[in-house]
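Structure first, then comments.
Residue numbers (our numbering): 15 to 219.
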């Protein structure tokens, strides 16, 4: 799994480098420049989609509570069995970090439904030094980091906040992340299209 992903990443890096070199060679032809930029964006989208597909059935397990004895696959299977009472069917697993304070494992499950079950039940581990999360792409991690920052600001303002995947619920209002526009409020009552303020907050227009 890692070798195939590494090979695809290397191909993407090579093609991106070629595109960047061609962009540098262009002089003043605006149309050519726009075409090259559009192509690079298309490549980035395809690479992101491919990475999401690769990670679709993946979970990340992290925290000091992860044991280190045994193979990564057996460690994850045993932990899921003990903590969530789930008999996981794991295709592959490997360490990302093994330091005590930053232990992190990745597991590829054979079933997306089982991954969903794990993510639903992971709240049972609340209060333990052990966490399970979705295996996000870099772009998705950047989005979640941005949402976490917005949530922190809202909490400081006294709002009750819950964070989801590309989603934020604050004082009963639901906000979703849109690729080009950031956080936008969803008005379920009248489906009115929301508008965005400069501060990243939203209001109905």
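The C-beta atom is built at its ideal place from N, Cα and C for all residues, glycine as well.
It should be emphasised that the depicted structure is a prediction, and the values quoted were computed from it without experimental measurement.
- For residue 81, the number of other beta carbons within 10 angstroms of its own is below 16, and it is reported as exposed.
- Taking residue 188 as the centre and dropping the five residues before and after it, the same chain places the C-beta of 200 closer than 6 Å to its C-beta, in chain order.
- Looking at the DSSP output, residue 175 shares a beta bridge with 184.
- For residue 163, the enclosing alpha helix (DSSP H) has its first and last residue at 152-170.
- Residue pairing by DSSP places residue 196 opposite 192 in a beta bridge.
- A straight-line Cα-Cα distance of about 11 Å links residue 65 and residue 72.
- Between residue 128 and residue 102, the CB-CB gap stays under 8 Å.
- Assignment of residue 71 by DSSP, reduced to helix, strand and coil, places it in the coil class.
- Taking C-alpha positions only, residue 28 is separated from residue 34 by approximately 10 Å.
- Judged by DSSP secondary structure, residue 94 falls outside any beta strand (DSSP E) and instead within the alpha helix (DSSP H) spanning 86-98.
- Residue 74 is a Cβ neighbour of residue 120, given a cutoff of 8 Å.
- DSSP places residue 144 in the coil class of the three-state scheme, outside both helix and strand.
- For residue 20 and residue 104, the gap between their C-alpha atoms comes out near 21 Å.
- Using a Cβ distance threshold of 8 Å, residue 144 and residue 77 count as a contacting pair.
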